[in-house]
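**Q** Mind having a look at this structure? Questions to follow.
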Amino acid sequence: MSVKVAIIGASGYTGGELLRILATHPKAEVVAATSREYAGKPITHVHPHLRGYYKLMRFVKVDLDKFLDSDLIFLSLPAKASINYVPKILESGVKVVDLSPDYRLKNPDDYKRWYGIEHPHPDLLEKAVYGLPELHREEIRKAELVASPGCNSTAAILALIPAIKDCLVDLDHIAVDVKVGSSEAGRKPRAGTHHPERANVIRPYEASGHRHVAEVEQELSRLAGREVKVALVPHAVGAIRGALATAHTWLRENVDEKIILRSFISTYRGEPFIRIVRGPPVGYPDPKYVIGSNFCDVGFAVEERIRRAAFMAAIDNLVKGAAGQAVQSFNLMMGFDEREGLSFPPLKPA
Ligand SMILES: NC(=O)c1ccc[n+]([C@@H]2O[C@H](COP(=O)([O-])OP(=O)(O)OC[C@H]3O[C@@H](n4cnc5c(N)ncnc54)[C@H](OP(=O)(O)O)[C@@H]3O)[C@@H](O)[C@H]2O)c1
Numbered sequence: 166m167s168v169k170v171a172i173i174g175a176s177g178y179t180g181g182e183l184l185r186i187l188a189t190h191p192k193a194e195v196v197a198a199t200s201r202e203y204a205g206k207p208i209t210h211v212h213p214h215l216r217g218y219y220k221l222m223r224f225v226k227v228d229l230d231k232f233l234d235s236d237l238i239f240l241s242l243p244a245k246a247s248i249n250y251v252p253k254i255l256e257s258g259v260k261v262v263d264l265s266p267d268y269r270l271k272n273p274d275d276y277k278r279w280y281g282i283e284h285p286h287p288d289l290l291e292k293a294v295y296g297l298p299e300l301h302r303e304e305i306r307k308a309e310l311v312a313s314p315g316c317n318s319t320a321a322i323l324a325l326i327p328a329i330k331d332c333l334v335d336l337d338h339i340a341v342d343v344k345v346g347s348s349e350a351g352r353k354p355r356a357g358t359h360h361p362e363r364a365n366v367i368r369p370y371e372a373s374g375h376r377h378v379a380e381v382e383q384e385l386s387r388l389a390g391r392e393v394k395v396a397l398v399p400h401a402v403g404a405i406r407g408a409l410a411t412a413h414t415w416l417r418e419n420v421d422e423k424i425i426l427r428s429f430i431s432t433y434r435g436e437p438f439i440r441i442v443r444g445p446p447v448g449y450p451d452p453k454y455v456i457g458s459n460f461c462d463v464g465f466a467v468e469e470r471i472r473r474a475a476f477m478a479a480i481d482n483l484v485k486g487a488a489g490q491a492v493q494s495f496n497l498m499m500g501f502d503e504r505e506g507l508s509f510p511p512l513k514p515a
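What follows is the structure in structure tokens.
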């Protein structure tokens, strides 16, 4: 039997990716997909690649009362747009996976600091579960509200989990560099994201104080059991999809390549969407080989001469970095196998 889901913000990139993934999910039925701009138009007007999947389905306006007979609602909205929808949905007993940053930070002061407004529902921040199954699988199973991670954060955290969990590196000096494709900026063109301005770039942006730092530090600090501070610099690159995080760290005494490899293997053993990349044909994680899939490829390089290690993770920002991960959480919340509807391989060439 299928469960009913609604997608609010279905004309955007992550909403479109949810529609694509859920189109063949054996246990989910999309009963409503919203767009204020395209209300009344067929889904395929915005997402022509989905021709033949959603038959005559049309976008509808946001009218929460009409969606409350769903089992779960995905919110694919910009920051601050989800914030007041969530309490109303939860009050009617419907579960939520929010892809926006509105419920990711536990501390309301952090929300104010990074997003510039008082959080109107601070009580719900504690209730929300950060939707990274590799860290919070059991909590996600029981959650009413999952705050799905950002794409840069997903890559940065998954690159670093072994190093932090097993205390392999100096926790006071971690610098993460993320390269990410243009789809991470959403479908509305802006001055810096419009194609002629954005194509072929290799451009740092928000090089100090990117908002994703807050959730990366939150999750790594919880894992370490002490405060972890991270420098994070994202770079816009010419790709459409894909994100690669490279975390530069300094090794603790006696830690060597063998110990790191053992840590990766024990940390990620049994994880359905994590692949450890070592050796040929491609020595390090490369977004090119995960595009279109929910995989995250992880790996590392050690430079013994200066006792430095780089930890890397490659994802498709719209799949493991957004809609795929959200469906992974949905599966856990519904008691399904978490791979349900997500077992498709990456594209090649992509
Ligand atoms: N893109 C990524 O790689 C990525 C990865 C992880 C997380 N995220 C997060 O996911 C969220 C969505 O990102 P996106 O890339 O899908 O953005 P997007 O392409 O700009 O889509 C946003 C969607 O929200 C709708 N919308 C905007 N404001 C709204 C409002 N006030 N009420 C109702 N609907 C509204 C828009 O459609 P209408 O204007 O037609 O209603 C559109 O469908 C963001 O918070 C983003 O940070 C994105």
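Our numbering runs 165 ahead of the 1-based position in the sequence shown. Each residue gets a CB set at the ideal place from its N, CA and C atoms; glycine is no exception.
(1) With DSSP collapsed to three states, give me the class of Val447.
(2) With a floor of 3 residues, list each beta strand (DSSP E) that falls wholly inside the stretch 426 to 513, ordered by position along the chain.
(3) Can you name the start and end residues of the alpha helix (DSSP H) that Ile329 belongs to?
(4) Taking only three categories from DSSP, how would you classify Pro361?
(5) What is the rounded straight-line gap between the Cα of Asp337 and the Cα of Lys245?
(6) For the beta strand (DSSP E) that contains Phe239, what are its first and last residues?
(7) Using 8 Å for Cβ pairs, my map puts Thr156 next to Gly506. What's the rounded Cβ distance?
(8) With burial defined as no fewer than 16 other Cβ atoms inside 10 Å of the residue's Cβ, what is the status of Asp234: buried or exposed?
(9) Name the one or two DSSP bridge partners that Ala197 has.
(10) In the DSSP output, which residue or residues are listed as bridge partners for Asp263?
(11) Could you tell me which of Glu469, Ile471, Phe476 and Arg472 sits nearest to Asp462, measuring between CA atoms?
(12) For a test of the three-state rule: what should DSSP assign to Thr189, helix, strand or coil?
(13) Please classify Ile172: is it buried, with 16 or more other beta-carbons within 10 angstroms of its beta-carbon, or exposed?
(14) Can you tell me whether Ile326 is buried or exposed? The criterion is at least 16 other CB atoms within 10 Å of its CB, across all chains shown.
(15) Closer than 6 Å by C-beta to Pro287: which residues in its own chain qualify, once you throw out the five before and the five after it? Chain order, please.
(16) Considering only residues of the stretch 281 to 305, which uninterrupted alpha helix (DSSP H) runs meet the minimum length of 4 residues and lie entirely inside it, listed in chain order?
(17) Going by the CB atoms, is the gap between Phe429 and Ile441 shorter than 8 Å?
(18) The beta strand (DSSP E) spanning His413 covers which residue range?
(19) Can you tell me whether His360 is buried or exposed? The criterion is at least 16 other CB atoms within 10 Å of its CB, across all chains shown.
(20) Taking 7 Å as the cut-off, is the beta-carbon of Leu297 closer than that to any non-hydrogen atom of ligand 1?
(21) Is the Cβ-Cβ distance between Ala175 and Thr209 less than 8 Å?
(22) Among Lys260, Glu256 and His284, which residue has its Cα nearest to the Cα of Tyr268?
(23) For the putative contact between Leu289 and Leu264, defined by C-beta atoms under 8 Å, what is the C-beta separation to the nearest angstrom?
(24) Am I right that Val398 and Pro369 are in contact with their C-beta atoms under 8 Å? What's the rounded C-beta distance?
(25) Which two residues bound the contiguous beta strand (DSSP E) that contains Arg269?
**A** In this structure, then:
(1) Counting from 1 along the sequence shown, the entry for residue 447 is found at position 282. Of the three classes helix, strand and coil, the one that applies to Val447 here is coil, per DSSP.
(2) 439 to 441, 461 to 468 and 473 to 480
(3) By 1-based counting over the sequence shown, the position of residue 329 is 164. Start and end: Cys316 to Lys330.
(4) The count along the sequence shown starts at 1 and reaches residue 361 at position 196. Three-state result, Pro361: helix.
(5) Position 172 of the sequence shown, counted from the first residue, corresponds to residue 337. Position 80 of the sequence shown, counted from the first residue, corresponds to residue 245. Between Asp337 and Lys245, the C-alpha separation is close to 32 Å.
(6) Along the sequence shown, one-based indexing puts residue 239 at 74. Where Phe239 is concerned, the enclosing beta strand (DSSP E) stretches over Leu237 to Leu240.
(7) Within the shown structure, residues of the chain are numbered from 166 to 515, placing residue 156 beyond reach of any answer.
(8) Position 69 of the sequence shown, counting from 1, holds the residue named residue 234. Under this definition Asp234 is an exposed residue.
(9) Within the sequence shown, the letter at position 32 stands for residue 197. The partner list for Ala197 (beta bridge, DSSP) reads Ala171.
(10) Position 98 of the sequence shown, counted from the start, is the residue given in the question as residue 263. Asp263 pairs with Leu240 and Ala312.
(11) On the sequence shown, position 297 is the one that residue 462 refers to. Residue Phe476 is the option with its Cα nearest to Asp462.
(12) Here residue 189 corresponds to residue number 24 of the sequence shown, with the count starting at 1. Thr189: coil per DSSP, three-state reduction.
(13) Against the sequence shown, residue 172 aligns to sequence position 7. So Ile172 counts as buried.
(14) By one-based count along the sequence shown, residue 326 stands at place 161. By the 10 Å Cβ count, Ile326 comes out buried.
(15) Counted from its first residue, the sequence shown places residue 287 at position 122. Only Pro273 meet the Cβ criterion.
(16) 287 to 292
(17) Start at 1 with the first residue of the sequence shown, and residue 441 comes out as number 276. Start at 1 with the first residue of the sequence shown, and residue 429 comes out as number 264. In this structure, Phe429 lies closer than 8 Å to Ile441 by Cβ.
(18) Sequence index remark: in the sequence shown, residue 413 carries index 248 (1-based). Taken as a continuous stretch (DSSP letters only), the beta strand (DSSP E) holding His413 covers Ala408 to Trp415.
(19) Along the sequence shown, read from residue 1 onward, the residue named residue 360 stands at position 195. Flag for His360 reads exposed.
(20) Translated into positions along the sequence shown, residue 297 becomes position 132. No - ligand 1 has no heavy atom lying nearer than 7 Å to the Cβ of Leu297.
(21) Here residue 175 refers to the residue found at position 10 of the sequence shown. Here residue 209 refers to the residue found at position 44 of the sequence shown. Not in contact: Ala175 and Thr209 (Cβ atoms no closer than 8 Å).
(22) Within the sequence shown, the letter at position 103 stands for residue 268. When each option's Cα is compared against that of Tyr268, the closest is His284.
(23) In the sequence shown, counting from the first residue as 1, residue 289 sits at position 124. In the sequence shown, counting from the first residue as 1, residue 264 sits at position 99. Actually they do not touch by this definition, with Cβ atoms about 16 Å apart.
(24) Taking the first residue of the sequence shown as position 1, residue 398 is located at position 233. Taking the first residue of the sequence shown as position 1, residue 369 is located at position 204. Their Cβ separation, rounded to whole angstroms, is 6 Å, which keeps Val398 and Pro369 in contact under 8 Å.
(25) Residue 269 sits at position 104 when you count from the first residue of the sequence shown. Counting along the chain, Arg269 falls outside any beta strand (DSSP E), and DSSP gives it neither H nor E.
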